[in-house]
Every structure is written in C-alpha cells, then in structure tokens.
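First up is the structure itself, then whatever we jot down about it.
Protein chains in written order, with the numbering used here: chain A, 23 to 298; chain B, 5 to 793.
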C-alpha cells in the first residue's frame, strides 16, 4: 500500500485539535442520473464456479434497494480453451457458471451483454498463490482497538496484491482491507488489517473483543482488480478533509460500466481472540 | 513597500530598458549632475526604534508633485534643480517633519520621525495605502501593517497576518482554519510567499490553524494580486512579501503574549546604539496540554505542538553600506503512539545594501530556504522513517537607479538551485518495510529583469518591466517521457549536473495609472507569470506531506496572463477610500492528476499527471474608512475560476474547488474609550465547488456513491461573525511596562459552517444512506495577555 497511515494520522491529529467540531445529518438537493448498470463478478480458486451479480444504480436519496438486471447473456472463457455461458439463478440478477473453476495462473475473459450493450473484462488468477500462514491478534497501533495481523511470506522480486475480508462471529466487516508489497517486497507481513477509509463507518459491531471468533479471508489479486478496490476505497472515504476529489473507481471492464471482475485465490484462517 | 521611489522632473529613458543588458557599469557612472541639478538622498527612520520607514513619503513643499517614497530599506533619493526648498518627510502615524535647505550641491539628508501622540487613541487601519494607491502605477496591491491588524479578532486569539489577509477582496482562504489561500482564482501553491526574500514553502502550522508567521517579528506585508513588478517571479497568482522588523537600535525592549494555546516572547535592542540592532522572537503552542485532560490513553499521550523562532540583525557599516541577517526556524511536532511526524521551514537571508552613488542603490542577497518533514514509525520493535525536503540556495543581485526624480530603473539577476527529495523510506534490513530509492532531483532557476518606473506627467505613471526566466532540470537521475496515457515512451539516465531539459520564458509586465484628479485615478495592467515548481496535494486542505514536482520533460512551466484595471478614489480628504478592480486571467499548462491517484509514496508520480488550462475573472470592491474612532473596511468580490482538462469531466470546463462567486468581508474597529476598543468581522461567501453523488449502486456488500461531473455541486454558504475587545492601560509617562488584554470570540453566532460533507450508510438503518456535515468550530472564545517593556 502507499502510506495510508500518514493521512489517517493527520486526520486523527486534526480530530484531536478540533474537539470542538460537530457533525449533523443534512438534507441536500442532489442531482440524479439515469440508472447505471453495475457488474460484480467473482471467480475464486476454491472449486466453485463463477458468480456474477447485475444490478442498477438508484437515486442517492432512495432506500438501498437496487433493481436486479435479468436476462443478460454472460459468457466466461479462459486462455486454455474453456468456455461456458452463465445461467441466471432463481435469485434475479444473480448468474452462475457450472464447469469452469478458478485455476492459478490462468487468464479469464468475461463478457456481459444486456440491453444491447456488451461489456468485457479480463483477469488473471495470480500464480503462485501466496498462502495465509497464520492469523494473529494485536493491539492496534493507534487507539485501543484490537486488530488482526495476517501472516504471509511475500515473494521477493514480483509485485503482489492482496485483499482481506474479516468476519467477526460470522458477520462480515464491510471494510475492504488491502495490502501490496510496494514497500514490503519479500517481507514476512507484519501489517495489521487497518481500515484504509473504505467500508463506510466501521461500526461497533465490527470491533473485536477477547473471546470473539474471527475469520479472515485472504485473496491474491490481479493488479487491475487491486486497482479497482483501491480506488473503490477512495470513493468510499471521499469527501473528508484529507481525501481527494471524489471520483468513481477504476473498473477493469471496458465499455463504461460500474463494478469489476476479479479472479482470485481464496485462503482462510480462523482465530479466537485471546486476552491482550 | 519598495514601490515608486523616484518621481518628478527628468527625461524619460523610454523603452531602452528592453535592451536588457549592460546597465550596471554605465549607470553607475551616470552621477554627474546635469544643468545644475542636485540629488538629495538619505534614509527615513523611526526616531525611537530606528526602524526603517518603508514607503515614507519625501516631497518638496515648493514643487507640488515632486516627491518620492522610501524603499524597503528606508532609503530615498530625489534629483531636482538646485534651489532653496522645504523638504518634508511624512509617514502614517508620524507628524510630518520639515527642513528648509539651500541646495547648491548634492547632499545627504536623513530623517528621524517621532511617532505622534495618537499611539493609543487614534487607530489608523489602512495607513499608507490610501495616497499611494492613487498615485502608483500598480493595481491590485494591498499592504497590511502589523500594528493595524492587531485588533482584528482571530481564531484562538493568535493574530495572524495570513488570516487577516484573507479578509481582503480577491484573497480567499482555502477552508476554515486553513493557512492556505487562493488569490484571484489561483491555486494555493501559486502564491509566492517571501519572508525577508526567502521563499516559505509551507506557510502553515498545526495543519493550517496557524500560519508560520509570528506577528511579533513582522513589520509589514505587501500582497500583489496582479501586475506584479518584474523583480518578482516564480508563481502565477500572487506575491506576498513579508518583512521582518529590524529591531530597536536605540534601547533594549521586550514584548510578549500569553494566550490560551500559544505564548510568545520577543526581545529587541541595539547591537551598537544607532548603528545596529537585533530582534529575537520565539513562540510555542501548548495545545497538547489540553490533550492530557483526555480520558483516552492515546489522546493523553499524544504530542501536538509547534514552535518557531525568528531572528534578525542589522548593522550600518557607514552611510553607504549596511548588512542584514534574518533567520527563521519553525517545527511542528505531532506524535501519536508509535507514529511521529515533525515538519517545518528554515530560512536564512544575508543581505548587503550598498550605495554606489546617491542615485544607485544595490542590494545583494544570499538566501537559504528549506522545508522538510520526517515521519518516524515504530512497528514490531523496529523503527523506520520517511524523509522529504525541498531546499533552495538563492543568490540575488538587485539595483535601483534613479536618474531623475521622475523615474526609477530597477534591474537585477537571480539564481536559485533547488533540491527536491520526495518522501523516501529508510529502514533496517529486518524492518517490516524496505528502504526506497533516492529520487532527489536538482534544478536551476535563473532570471534577469528590468523594470522602469516613470512619471510621464504629474498625472500619468508607468511601470514597464520585462523578466526573462530560465529553468533547467539537472541530473543526476533517470528521467522519462510519458505519453498521454501515462505510459513511459522513453527513459534516459543523466550524470550529475547534466541538463535534462531547459525552458526559457519571457514575462512582460506593464502597469499604468492616470490621475483624473488628485483623489481619483484609473489604472490598467498586464502581467505574465511563469511557475516551475508545482504542488500536488492529496487533500482538500493543505497537508504537511504535499508533494512538489519540478518542471520536467513532461511537466511544462505553468503560465498565467492577467489583464486588470481599476478605479481608485479618496473621499472626504482621505477619511475614506474606495477601489474597484477587475481582472481576467488565462492559465496555461495547469497540472492536476488522474482520478484515483494516491500521491503519498507514489514512486512514479509523473505518470499520473494531467495538463490543462484555466480561466479566472472577477470584480473586487473595497471601501475603507481610514480615520476616526471607527475604522475598517467592507470588501466584496464577484468572481469565477474554472479549469479544463481533456481527461477530467470529459473535457468540459469545471469550477475550480476554490471558485466561490460571492465573497464578502466586513472589518470594523471602534475606539470606545482610551482604554477599550472593540472589533468585529463578518465573513460570508458561497460554498466551495465540490462533487456530490448523483446516485448510488451496490458493490462489495455495500452501497457506494455514484459520482458525476467534477465539482458540479456546492457546499452550503459560509457565514461567520467574530467579535473582539482590547483593554489597554493608558500609557503613563516614564512607565516602561505596558500591557493589554485581548478578548475574542470566533464564530459568535455558533453557525455550523460546513467544513466537509461525507456520504455514508445510516448507522441506525442500513437500508438508507445519508449526508453527514462536519463543522469545525462552533464558537471559540479566547483571551490573550500582551505586554511590552
């Protein structure tokens, strides 16, 4: 990752200095746009087929109910000659493959066609897969929170990209934890899973305590998929004093659409948080 | 002020200055007095402190319209026909002094003015600008005298020249509590901020809540919003020229202040009585003392403070030679648990004034200036650090030549050697991170200028200038050329000192004024400015880790052309003044970066850059009340500032973040009694141009905002009322100790002015999203005790 901690520390310092600050929910006269297609496509190396979710955007002030897009023609192919059509499941807008599974080192192409428009993305499932060696819990560098440290040995000499999802007592933390080896090439990882802005507010339900059963899922990502999630995190934290002008994340789909296609590894470790 | 010394009878040099070379030796000889003309020259100083009175007016009572103004070093020169005259020197706040002389040959005449008895009872807010504003050619110039701003209420009670500056039309603060500012629609990095001629790269302390300038050390500040004279260059939008006090050369004095979160102490006195003086000031905040009150362990153990020192000394060797030294050192310290950041500026200026003849004044300056930060992080029992600096070595040679009372010629040379080291990680081999490569770059920026001030008639004044600036990026290092998608096209490695690329630019400057009556004038001006250092900021407010990139193979020098005009009027014998100024500015080769770029630690920042253009225009109205018990001003700006980049907003023009069409500020100071004075400011403006969502969509398990056109929305408008009161014990004869109390309330009405608006899932109902507004300061009362002895 870049130096995300710098900005977080600055924001924290600004927070200390401005204890007098106050927040309130405001009603704004926001502009609207026509519904935009969102594609969320995942293929992991866990033996499961590819899943694709299609939905449409809504106005900001509406409730979080995103219309499903049915009847799309979706094909997945790989660089080993594999090819299949994904069928819509009983859940509208959710499509699933049958035979093709994620293989490390293979390149996959996904084509989504709906309402006369086609969108194409390609993604390589990284090789070799960097395994998750163990999971540790420690006191957070900042504050008194508990954070998890995924231990893995970064391979030297090649750029690597990682994504982590964290579950507390079975509940998914919405924060998308990202790490890369820009400054840590070849190191045994010692960095904790810090919120880098994403995941809206880390609410209390995500705070770890002694005795919690936690699970961490580690993904090895393709660089373009990583870039999508990095910029998605920026979008999620947009608007703060130490953030850039808000923009939409960089999709790896061609054709101007929201969302991503990620072919990734999936390794998990669990832990009961000890007394710290 | 350094403007306009040298007016009255004489022959125009015309546009010969465009020749641009060979002035030094020839002009130095041109001192013989033709046709019985003689030159009087000397200095104008304060009799009690020995402080130079920059901008003091010197005129001949018998020859109306013949006069000049003292330069930045208090020096004046006036060439007139031989005769018997009454010479009058005057300055705001000082009774005029007259001397009658029979002038048969050139002679030296020094004035020492004693401040008038109005020290406590008569507050003059705008001082010297009123008359000078009518007669000098330049428009868009404002001067703030530190004494004048002392009573304006400010945040945390810490008087601040930069914060007060943003109360003038055309100068807008970058955000609540920020020391960054935008001049006439420009970006925050387009202001040349000079402290005794040294560039100050980061003018903010504590993330911007304080500026780096300790008011105890400052004499005055002049800002050029447009039409800057040719001796200044390097930034597109403005020049903020801050002069430190010289220090009292008659007597040892001290002063200081104790405030809620900062205290100050200053000491000044003679080195050799009447010949040299020194000034030392120091300041430290103790905001972190309050953190100790917190129950939260992290907050309790955090450190958060800054300190700064100013030092200045000058020594008059003799009538013709004078030496000055000034220095600044400031540091912010910020530490939270295993994280520490300390950052700050250092500057040092060594100046040598020399009078070749009574008409040729020279100033040689050697300047060092540096901004650096160091971040230290402790992880797994191992430290690593991130270091960055920008450092200048600067040599300047300036001449002022006054062949006759109607004209002044300034010319000079300047060379700056820049060293920029972007953030570099240093870590032990077994640390959790790797060290990064050194990406230090070097560049040489040189300039030569000629500027000619000419009073063509009693009514018509011209300032014509030309600046030639050159910028060379130097090796060693590897530099690449990029295509429009940010992909490297070619790379080349250069040896130490080898030129990577050189850019040459001509910057014409022109200003003219015409006095319709002694109290009314019209002005017009044009200026081109070039900028070769570009600031990339990752945040809406300024951050200590903002990144400077030099002009390179890809980044071209930024250009600005500004046309401006104005109407200036003194009313009721100078009790009021009014000005209306208009401008239009064309900006070329502006630098921005691609959406989603993260600049912190970016090892290949040039690949993320985009180049575009901008335009800014507006009208600025200012009405000042300059005398009486009530003084102050009302300023209003109507303006627009836009940018256009092929890869942002689909190539359409968009509003710059700082585009705030309406901007109003009212400042009033009322002397209630000899003891009490009251003050108030009202600030109101349109909100910043920002980007709000135009919808939302579902991805990665959550609702995500969908963004449309850049800066297509606005924060709600900003309004604030501040009040202040100053209690001063009337000065007693023979008493040295003098003290005052300053009370102020920032944002009296407690209006929650939006600082940021963020969009998030409703914490109580995950099916909804909401807009959350953060306001920084609801109401901040403060008290400061000031003393002097």
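Ideal placement from N, C-alpha and C gives every residue a C-beta, glycine not left out.
Predicted model, so just to flag it, every value in this text is computed and none were measured.
Query                                                                                                                                                                                 : Result
Residues in the same chain with beta-carbon distance under 6 Å from residue 755 (chain B), minus the five sequence neighbours each way, listed in chain order, please.                : 723
Which same chain residues, not among the five before or five after residue 194 (chain B), have their C-beta less than 6 Å away from its C-beta?                                       : 239, 240 and 241
Go ahead and label residue 501 (chain B) buried or exposed: buried means 16 or more other beta carbons lie within 10 angstroms of its beta carbon, across all protein chains shown.   : exposed
Can you tell me the Cα-Cα spacing of residue 761 (chain B) and residue 448 (chain B), whole angstroms?                                                                                : 42 Å
With DSSP collapsed to three states, give me the class of residue 438 (chain B).                                                                                                      : coil
If we count the other Cβ atoms within 10 Å of its Cβ and call it buried at 16 or more, is residue 591 (chain B) buried or exposed?                                                    : buried
Can you look up residue 357 (chain B) in the DSSP assignment and give me helix, strand or coil?                                                                                       : strand
Tell me which residues share the same chain as residue 136 (chain A) and place their Cβ nearer than 8 Å to its Cβ, disregarding the 5 neighbours each side in the sequence.           : 59, 76, 91, 93, 94 and 95
Can you tell me which of B:564, B:41 and B:682 puts its alpha carbon nearest to the alpha carbon of residue 593 (chain B)?                                                            : B:564
Does residue 145 (chain A) have its Cβ less than 8 Å from a Cβ in chain B?                                                                                                            : no
Rounding to the nearest angstrom, what Cα-Cα distance links residue 655 (chain B) and residue 56 (chain A) in this structure?                                                         : 21 Å
What first and last residue would you give for the alpha helix (DSSP H) that runs through residue 292 (chain B)?                                                                      : 291-295
Can you name the residues of chain B whose CB is closer than 7 Å to the CB of residue 299 (chain A)?                                                                                  : The question about residue 299 (chain A) has no answer here: the residues shown for chain A are numbered 23 through 298.
Let me see if you follow: with CB-CB separation under 8 Å, is residue 599 (chain B) close to chain A or not?                                                                          : yes
Reducing DSSP to helix, strand and coil, say where residue 245 (chain A) ends up.                                                                                                     : helix
For residue 509 (chain B), collect the residues of the same chain with a Cβ closer than 7 Å to its Cβ; drop the 5 residues on either side in sequence, then sort them by chain order. : 473, 534 and 561
Does any residue of chain B bring its CB to less than 8 Å from the CB of residue 82 (chain A)?                                                                                        : yes
For a cutoff of 8 Å on Cβ pairs, would you count residue 756 (chain B) as touching chain A?                                                                                           : yes
Which class does residue 280 (chain A) belong to by DSSP, given the choice of helix, strand or coil?                                                                                  : strand
In the segment 113-141 of chain A, which residues sit with their C-beta less than 9 Å from some C-beta in chain B, listed in chain order?                                             : none
How far does the alpha helix (DSSP H) with residue 167 (chain B) in it reach, from first residue to last?                                                                             : 165-169
Within this structure, are the beta carbons of residue 567 (chain B) and residue 552 (chain B) separated by less than 8 Å?                                                            : no
Would residue 697 (chain B) pass as an interface residue toward chain A - the criterion being a Cβ-Cβ separation below 8 Å?                                                           : yes
Under 8 Å between beta-carbons, which chain B residues line up against residue 176 (chain A)? List them in chain order, please.                                                       : What residue 176 (chain A) touches in chain B: nothing, since even the nearest Cβ is about 10 Å away.
Under 8 Å by Cβ, that's how I've got residue 274 (chain B) and residue 254 (chain B) pegged, so tell me the actual separation to the nearest angstrom.                                : 6 Å
Going by Cα to Cα distance, which pick from B:496, B:573, B:163 and B:414 is closest to residue 630 (chain B)?                                                                        : B:573
If you run the structure through DSSP and keep just helix, strand and coil, what is residue 664 (chain B)?                                                                            : coil
Once DSSP output is grouped into helix, strand and coil, what is the label at residue 77 (chain B)?                                                                                   : coil
Run through DSSP, which three-state label would residue 2 (chain B) get?                                                                                                              : In this structure chain B extends from 5 to 793, so residue 2 (chain B) is not present and cannot be described.
Since residue 794 (chain B) sits in a beta bridge, which residues does DSSP pair it with?                                                                                             : For residue 794 (chain B) there is no data in the structure shown, the boundaries of chain B being 5 and 793.
Whole angstroms are fine: how far does the CA of residue 405 (chain B) sit from the CA of residue 458 (chain B)?                                                                      : 12 Å
If you drop the 5 nearest sequence neighbours on each side, which residues of the same chain put their C-beta closer than 6 Å to that of residue 72 (chain A)?                        : 65, 98 and 119
Is the distance from the Cβ of residue 152 (chain A) to the Cβ of residue 174 (chain A) below 8 Å?                                                                                    : yes
Just checking, does the segment 779-786 of chain B make contact with the segment 732-742 of chain B on the three C-beta pairs under 8 Å criterion?                                    : no
Under 8 Å Cβ-Cβ, which residues of chain B neighbour residue 55 (chain A)?                                                                                                            : 698, 699, 710 and 712
Taking Cβ-Cβ distances below 9 Å as the criterion, which residues of the segment 264-282 of chain A are in contact with chain B?                                                      : 264, 265, 266, 267, 268, 269, 270, 271, 272, 280, 281 and 282
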